[in-house]
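For the sequence shown, the residue numbers in the UniProt record's numbering are 1 to 303. One structure below.
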Amino acid sequence: MSRRLHPAAVVAVLAVGAMAAAGFWALAPLRDLASVREAAPVASVADVEPAAASTADPSTDAAPAPHPRNDTVYDISTLPLIDVRSVNPAIPVDDDPTGTLTSSQARPLGAGAPVFADPAGEPVGYLPREHHYGGTTVPVVVAETDWVKVLLPGRQGVPPEGNGGQTVGWLRAADVELSITAEFVEVHLAANTIDIVSAAGRERVSEQFAWGKESTPTPTGRTFVMWTTIVPEFRYTDGHPMVYLGVQSPVMAGFDGGDVAVTAFHYYRMREGATSFGCIYLDGPATDRLAQLPEGTPVMILP
């Protein structure tokens with residue numbers, strides 16, 4: 001588990017309308033990452049059964065009806081900020097943590113975009129377009145003509161009483177710009193492997209790293225690269241970047257006196273077995289390679 005986010009850092013497209021008109025056909029890459037994972041030698045986590053194999057009633061197999069469009073104008077200044085430090089009980093925790101990873105990302109237009117727990121309800125917060133600690137380019141996990149469901153920074157609750165798992169929310173398609181990412185990260189804790197996966201294949205980044213001990217486990221499921229930075233004060237990183245993820249500890253309220261317990265990839269001299277506070281300890285080359293990935297890159301952490 002990383003130490004608190006560095007205080008000094010505080011100082012420091014695609015046309016949505018065209019995609020909506022096309023019924024988000026451009027989000028066909030939503031299936032690319034799952035297809036890549038399915039074709040790869042490592043076990044898939046999001047295999048899709050062939051349509052021909054289904055014998056269920058077509059009416060029960062049909063995709064859910066899309067949520068209706070919402071053109072209400074909201075004043076985001078009246079809404080709670082959604083960021084790494086936010087704790088918002090109205091924000092859902094991911095209900096499908098090993099579900100689909102997509103190759104689509106969303107980033108708010110303007111100053112920010114209202115976030116909905118349910119498209120049928122009222123906004124429960126807003127995601128800014130810019131933030132010192134990142135988390136503003138987020139992976140799309142479900143796409144509709146007028147809505148996208150995304151992974152978010154921040155927490156619903158604070159452990160041990162609250163649920164600190166990966167959060168999700170809905171954004172209106174009209175409020176965001178969409179882009180495509182070509183790769184994602186797949187971490188297998190038991191196999192001790194980390195791969196960067198793309199249509200070109202798998203790039204093995206690491207075959208030896210440390211992960212969370214039993215009392216402070218590394219959270220599993222889908223998340224994303226939230227923010228990457230070098231923190232000279234963190235001498236244990238030996239000058240290598242911290243690659244912060246969107247998910248936080250399932251058991252810790254904070255770490256090292258801070259008010260967050262963000263999971264991160266980072267360098268550490270001892271990097272073998274279940275020995276960390278939840279972060280993934282890597283050697284220098286592996287850390288530096290992961291630091292090259294842009295914010296919003298999907299990450300799947302498997303047990």
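Glycine included, each C-beta is placed from N, C-alpha and C at the ideal position. Quick caveat: nothing in here was measured; it's all calculated off a predicted structure.
Item: From the DSSP output, in three-state form, read off residue 285 for me.; Value: helix
Item: Closest by CA to residue 283, which one among 217, 257, 210 and 223?; Value: 210
Item: Measuring CB to CB, does residue 126 end up less than 8 Å from residue 139?; Value: no
Item: Pair every Cβ in the stretch 251 to 259 with every Cβ in the stretch 233 to 242, then say whether three or more of these pairs are closer than 8 Å.; Value: no
Item: Roughly how far, in whole angstroms, is the beta-carbon of residue 108 from the beta-carbon of residue 116, given that I think they are within contact range, below 8 Å?; Value: Actually they do not touch by this definition, with Cβ atoms about 13 Å apart.
Item: Buried or exposed for residue 41, going by 16 or more other Cβ atoms inside 10 Å?; Value: Residue confidence for residue 41 is low, a pLDDT of 40 falling below 50, so the modelled location carries little weight; the figure read from the coordinates is stated next. So residue 41 ends up on the exposed side.
Item: So, residue 91 versus residue 167, is the Cβ gap smaller than 8 Å?; Value: yes
Item: Please classify residue 111 as buried or exposed, where buried requires at least 16 neighbouring CB atoms within 10 angstroms.; Value: exposed
Item: Can you give, in chain order, each stretch of the beta strand (DSSP E) that sits fully within the stretch 154 to 191 and has at least 3 residues?; Value: 167 to 172, 176 to 180 and 183 to 188
Item: What are the uninterrupted segments assigned as alpha helix (DSSP H) that are 4 or more residues long and contained completely in the UniProt domain "L,D-TPase catalytic" (183 to 302), given in chain order?; Value: 284 to 291
Item: If we ignore side chains and look at the alpha-carbon of each, how far apart do residue 106 and residue 178 end up?; Value: 5 Å
Item: Taking the straight line between their C-alpha atoms, what separation do you get for residue 142 and residue 150?; Value: 7 Å
Item: Just the Cα atoms here: how many angstroms apart are residue 285 and residue 85?; Value: 30 Å
Item: Run through DSSP, which three-state label would residue 16 get?; Value: At residue 16 the pLDDT is 34, less than 50, meaning the model places this residue with poor confidence; the figure from the coordinates comes in the next sentence. In this structure, residue 16 counts as helix in the three-state DSSP scheme.
Item: Does DSSP put residue 86 in a helix, in a strand, or in coil?; Value: coil
Item: Ignoring anything shorter than 4 residues, give me the alpha helix (DSSP H) runs that lie fully in the stretch 88 to 138, in order along the chain.; Value: none
Item: Since residue 150 is in the beta strand (DSSP E), which residue starts that stretch and which ends it?; Value: 147 to 152
Item: Express the C-alpha separation of residue 162 and residue 236 in angstroms, rounding to a whole number.; Value: 30 Å
Item: Checking 8 Å against the spacing of the C-beta atoms, do residue 261 and residue 245 come in under that value?; Value: no
Item: Express the C-alpha separation of residue 67 and residue 119 in angstroms, rounding to a whole number.; Value: 6 Å
Item: Nearest by alpha-carbon distance to residue 173: which of 95, 83, 217 and 69 is it?; Value: 69
Item: To the nearest angstrom, how far is it from the Cα of residue 194 to the Cα of residue 281?; Value: 12 Å
Item: Among the candidates 191, 303, 63 and 266, whose CA atom is the shortest distance from the CA of residue 291?; Value: 266
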